[in-house]
Amino acid sequence: MVRAPFRAAADRVRHRLTRLTRLTRPKSPKPPKPPARKPVPGDLMGTAAPKPYVRALAMLAVVVLGAWLGLLAVGSIRTPVGPMDTNMTLRPSLTGGSKINVSPLGALELDSHIAPLRLDVDVDRLDPVRSQALVDQPERFSGLQDEVTRDVAAGTRELAVRSCVAVISGATALGLVVYRRPRRALAAGGLALTLLAASGVSAYATWNPKSVLEPKFSGLLSSAPSLVGDARSIVTEFDIYQQELARLVTNVTRLYDATSTLPVYQPDPGTIRALHVSDIHLNPAAWHIIASLVKQYEIDVIIDSGDTMDHGSAAENGFLDPIRDLGAPYVWVRGNHDSKVTQAYLEKFRNVRVLDSGRAVNVAGLRIAGTGDASFTPDRTKPVGGKAAAELEGMRLATSLRDQEQAGTPVDIAVAHDPATARQTDGTVPLVLAGHLHNRINKQLELGTRLKVEGSTGGGGLRAVQNDKPEKVRASVLYLDRESRRLQAWDEITLGGLGLTTAEVSRHLPEENLKKETPVSPSPSPSPTGSPTRPTPSP
83 MVRAPFRAAA DRVRHRLTRL TRLTRPKSPK PPKPPARKPV PGDLMGTAAP
133 KPYVRALAML AVVVLGAWLG LLAVGSIRTP VGPMDTNMTL RPSLTGGSKI
183 NVSPLGALEL DSHIAPLRLD VDVDRLDPVR SQALVDQPER FSGLQDEVTR
233 DVAAGTRELA VRSCVAVISG ATALGLVVYR RPRRALAAGG LALTLLAASG
283 VSAYATWNPK SVLEPKFSGL LSSAPSLVGD ARSIVTEFDI YQQELARLVT
333 NVTRLYDATS TLPVYQPDPG TIRALHVSDI HLNPAAWHII ASLVKQYEID
383 VIIDSGDTMD HGSAAENGFL DPIRDLGAPY VWVRGNHDSK VTQAYLEKFR
433 NVRVLDSGRA VNVAGLRIAG TGDASFTPDR TKPVGGKAAA ELEGMRLATS
483 LRDQEQAGTP VDIAVAHDPA TARQTDGTVP LVLAGHLHNR INKQLELGTR
533 LKVEGSTGGG GLRAVQNDKP EKVRASVLYL DRESRRLQAW DEITLGGLGL
583 TTAEVSRHLP EENLKKETPV SPSPSPSPTG SPTRPTPSP
């Protein structure tokens, strides 16, 4: 009991000493705080450390954007594919596939692969030298598929190397601009290369070569499925068509020597020779046929009764350019598939005479008048006005023909596209030419005018394979006396259509001339060197 007060007093003394010691001890300085990190200009991370997934998304955005910019800048190549000059480019895409742009006709898309990259192929033009080589040497078509395969493979390899350089350069450059740190910039370039390689593996694994048989069309090519039918038929038969057609046209001269049933008619050196063509319908092979006929028959004038085009759009106008080099004046009237745009384009050609609203021109010793079709139906709809509109246009043409006869300048040949229009000129002109029906008609009308309707010189155009039987290629050579300017005879040239190898040349005389003809020796064949007296030509 006595120790308790002493223990309490000792504790109080000890407490006071401890407190005094703390008050007299010198204070130690506190360690300084680390300085705050200064923000780097352009740093996406800012002053606060972002979460890992934010950093990853930011890096991915830099990589994708940089790679895309790189592909835009240097990720394309220009390479020949067969007779075509093309541009190949890789583009980022959510669906993949391939897109082939055929300027100015439109584009077709193929579901060729599934990857975040799309292959764009721009067909710029046909190289005239390589294209002419194919025309002059049709046997080269047999090896064209292998040539195209080699060209595409070489172009694809070059495009792959160029694309790797493009994505690495683009992602690295953008990473350097954004992060200002070489390490991160190089990481962006490496990631871009990894993504490109992964996309290539995905495209290779999902490659679908059969996609070419099921393309998606756009632009003017959107009507291609209804025009050309099954793509498989075109691929397997078009090379045969080109080879045989070229061979037939160049060698059909021999048919005259082998044919003994032609009616006897020998044109004199002054005979006017006119080539009647019609309904070409955008078939480029028609120009080679016409050029061959012009050369073989020594044609003085070409008369086209319309439907040279299919849609009449400005994009198709380039198809008409070969007319400049056919070697003869070209007289043309508008068909229901030709537009005023087409007509305006042809009016600029020096060797073309466009006829409309009864206009008449003097060409190769003939006076020819004509009118454009009353309807314009590029989508094959039923024409507004129909037959009544065509007949009314024919009445206007007949009135113009009468007026010119009264003025002392009678017309020798009238031209219209629709036979319903042409029939209205009966009694106002000796000969009227038409087309439209894709079939030949030769008829003497009631008042004495001869109506000649030509078939399709384009074999129906790209629609040739849509029917059960291919449509034949037809044209006619008209022989007219230079003094009377009356029809003396005509040759009908018929070539087999797509995939066929037939050719037929038949000569016909008007009934009144046939009664007057007396047998004479057959016409001589053309000589390689030519002669002052023009022989009976061969197509």
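Just so we're aligned, residue 83 is where the sequence shown starts under the numbering used here, counting upward by one.
Even for Gly, the Cβ is constructed at its ideal location relative to N, Cα and C.
- C-alpha of Lys422 to C-alpha of Gly394: approximately 8 Å in a straight line.
- Assigned with DSSP and collapsed to three states, Ser194 falls in coil, not helix or strand.
- With 16 or more other Cβ atoms from the protein chains shown falling within 10 Å of its own Cβ, Pro501 counts as buried.
- Spanning the alpha carbons of Thr539 and Asp361 requires a straight line of approximately 6 Å.
- Ser588 and His358 have their alpha carbons spaced roughly 15 Å apart.
- Residue pairing of His590 in beta bridges, as defined by DSSP: Trp572.
- Apart from sequence neighbours up to five positions away, the residues of its chain that approach Phe431 with a beta-carbon distance below 7 Å are Ile405 and Arg406, ordered along the chain.
- Three or more pairs of CB atoms, one per stretch, sit closer than 8 Å, so the stretch 439-450 contacts the stretch 560-567.
- Look at Ser558 here: in three-state DSSP terms it is strand.
- Counting C-beta pairs with one atom in each stretch, the stretch 503-515 and the stretch 531-538 have three or more that are closer than 8 Å, which means they touch.
- With a 10 Å radius around the Cβ and a threshold of 16 neighbouring Cβ atoms, Gly454 comes out buried.
- Boundaries for Asp382: no beta strand (DSSP E) harbours it, and the DSSP string shows neither H nor E there.
- Val493 and Arg556 have their C-alpha atoms spaced approximately 26 Å apart.
- DSSP places Asp350 outside any beta strand (DSSP E), giving it a letter other than H or E.
- DSSP, reduced to helix, strand and coil, places Met141 within a helical segment of the structure shown.
- Using a 10 angstroms sphere on the CB of Arg416, the tally of other CB atoms reaches 16 or more, which defines it as buried.
- According to the DSSP assignment, Asp455 belongs to no beta strand (DSSP E), since it is labelled neither H nor E.
- DSSP links Ile495 through a beta bridge to Ile450 and Leu513.
- According to the DSSP assignment, Asp407 belongs to no beta strand (DSSP E), since it is labelled neither H nor E.
- Per DSSP, Lys525 is one residue of the beta strand (DSSP E) stretching across Ile523 to Gln526.
- Per the C-alpha coordinates, the member of Phe458, Leu527, Leu519 and Val376 positioned closest to Gly542 is Leu519.
- For Leu268, same chain residues with a beta-carbon under 8 Å away, outside a window of 5 residues either side, are Thr254 and Gly257 in chain order.
- Under the DSSP assignment, Thr168 falls in the beta strand (DSSP E) whose first and last residues are Met166 to Pro174.
- For Thr161, the pairing in a beta bridge is given by DSSP as Thr168.
- Relative to the Cα of Leu375, the nearest Cα in the group Gly388, Ala248, Ile575 and Val243 belongs to Ile575.
- By the beta-carbon neighbour count (other beta carbons within 10 angstroms, threshold 16), Tyr379 is buried.
- With respect to the C-alpha of Ala236, the residue from Pro134, Gly517, Arg160 and Phe401 having the closest C-alpha is Arg160.
- When DSSP reads this structure, Tyr412 sits in a beta bridge with Ile384 and Val434.
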